[in-house]
Amino acid sequence: MTKIIPEDKARQGHWGWHALRILIAGLLLAFIAWGAVEIYGELIKSPTTQQSVPSAPAAEQKSTQGS
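What follows is the structure, encoded as structure tokens:
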């Protein structure tokens, strides 16, 4: 014989505070991992914009070439 269960009692589980805490913890861990990757990406970036250009020797070469 089949047991009749009311519809509100037939659910497998409840979406309560426990599930919400797990979802928030997963979201926080994802943000922490994203931040770590961003910081690591900035550290390994090659310094292409910071090239040293010697401006003083170029001025001395112009003055010696003109004489």
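To convert, note that position 38 of the sequence shown is 38 in full-length UniProt numbering; the numbers rise steadily by one, no gaps. Note that beta-carbon positions come from the ideal geometry of N, C-alpha and C, so glycine has one too. If you're wondering where the values come from, they're calculated on a predicted model, not measured in any experiment.
Can you give the Cα-Cα distance for residue i and residue j, rounded to whole angstroms?
i      : j      : result
Leu-43 : Leu-29 : 21 Å
Gly-35 : Gly-41 : 10 Å
Ile-24 : Glu-7  : 29 Å
Ile-39 : Ala-19 : 31 Å
Ile-4  : Ala-10 : 10 Å
Note down, in chain order, each residue of its chain lying with its Cβ closer than 6 Å to the Cβ of residue i, except the 5 sequence neighbours on either side.
i      : result
Arg-21 : none
Met-1  : none
Ser-46 : none
Whose C-beta lies closer than 7 Å to the C-beta of residue i among residues of the same chain, with five residues either side of it excluded?
i      : result
Trp-17 : none
Leu-27 : none
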